[in-house]
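**Student:** One structure coming up, written as structure tokens, with questions to follow.
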Amino acid sequence: MRTKQELGAVIRRDRRAVLVVNAHSRRGRQLHERARARLTAAGFRLLGDHPVEQPGQLERVLAAAVDLGPDLLVAGGGDGTLSTAARLLAHRDMALGLLPLGTTNNFARTVGVPLDLDRAVDVLTGGTVIDVDLGLAGDMRFTNHVGVGLSADIMLRTPPRLKRVTGRLAYPLTALALLARHRPLRVTVRAGDARHEFRTHQVYVANGGFHAGRPIAADADADDRLLVAYPVGGANRRGLLRDTARNAVTGHRRSVGDEPFLAVGELWLETDRPARVEVDGELCGRTPIRIGLDANALRVMAPAGSPDR
């Protein structure tokens, strides 16, 4: 396995890449041709160029792209697309390049990749290779978060067309429609000898630094060997709405050491009834579930000067 410095030097010198774009992401179909043109103009030699029209084919196409042996796999799409690519690239001698074309683009925000396509391509040409942690939901790796409760129901019910038209507003709009009939959960989180219980409509366990396009906390990131677990509101529906709004406004001022955050390396989460689990926006079974970390599992192109632990 090459060092990160060696891999970065090879990417800058040889520019051997494969492009995979999820055409069903919010801006995927619209920006695919432009992304390919910008990469070619930047001197990249594309070993493959794959717009994915059928969501069910995404993982297969990404796996085939990995088999081509590029130094850089450029993935365009939302957090689900990038999380799928990250799972396939974990512990490989290859870097992931991010083109954030989705709705909230939490992983790109965590890594510091600009949401503008041209500036994101600039990171691929002049950036640096860093490694970041991936979370583990059971055996499934993830980049951003695990959600239990209302968020999983939202992922099941949010129409793709609404996401394309309204962007990240699609999720709160769907949440309002579902909340009236949603029942709160009794959640138990065990971490080491500690046990935490609460009633809530929603609990998250974050690996990255952003959720719903907003900072979780000023010092939360994907390279700190920590998961951050936190409920949003209590059993009262009004509390969920209040805390959701407060989190969006105050996230950049809070620390993972503040209430109600629990910052740990591993935890066990269970609920009083089986509840759906969503992992980076994709449904993934039900509770109970163990959530842990795979430290420094993924190499990714980040802006020059990015911190790298």
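Using our numbering, you'd call the opening residue of the sequence shown number 222 and step up by one each time. By construction, the Cβ of each residue, glycine as well, lies at the ideal position given by its N, Cα and C atoms. Nothing here was measured: the structure is a model prediction, and the numbers come from that model.
Going by the beta-carbon positions, is the gap between A496 and A450 smaller than 9 Å?
**Tutor:** It is not a contact, given that the beta carbons lie outside the stated cut-off.
**Student:** In this structure, does DSSP put R507 in helix, strand or coil?
**Tutor:** Strand.
**Student:** Whose CA, out of N326, H403 and E418, lies closest to the CA of V410?
**Tutor:** Considering only alpha carbons, the answer is E418.
**Student:** According to DSSP, is V477 helix, strand or coil?
**Tutor:** Coil.
**Student:** Could you check which residue in R511, A523, A518 and R530 has the C-alpha nearest to that of G359?
**Tutor:** Cα-wise, what sits closest to G359 is R511.
**Student:** Nearest-angstrom Cα distance between F265 and V241?
**Tutor:** Near 14 Å, if we compare the C-alpha coordinates of V241 and F265.
**Student:** Measuring alpha carbon to alpha carbon, tell me which of P528, G513 and S527 ends up nearest N365.
**Tutor:** Closest by alpha carbon: G513.
**Student:** Do D235 and T349 come within 9 Å of each other at the CB atom, strictly closer than that value?
**Tutor:** Not in contact: T349 and D235 (Cβ atoms no closer than 9 Å).
**Student:** Give me the residue from G269, A466, D440 and G249 with the minimum Cα distance to R289.
**Tutor:** At residue 289 the sequence reads Leu, which differs from the Arg that was named. Taking only the C-alpha atoms, the option nearest L289 is G269.
**Student:** I'd like the span of the alpha helix (DSSP H) that includes A341, first residue to last.
**Tutor:** Looking at the DSSP string, the run of the alpha helix (DSSP H) that includes A341 is L338 to G347.
**Student:** Would the stretch 246–255 and the stretch 286–303 be scored as touching if the rule is three or more Cβ pairs under 8 Å?
**Tutor:** Counting Cβ pairs under 8 Å, three or more are found: they touch.
**Student:** From P321, A262 and T224, pick the residue whose C-alpha is nearest to that of D314; which is it?
**Tutor:** The candidate whose alpha carbon is nearest that of D314 is T224.
**Student:** Using the three-state DSSP reduction, which class does G460 fall into: helix, strand or coil?
**Tutor:** Residue state, collapsed to three classes: helix.
**Student:** Are the Cβ atoms of G460 and T331 separated by less than 9 Å?
**Tutor:** No. Outside cutoff.
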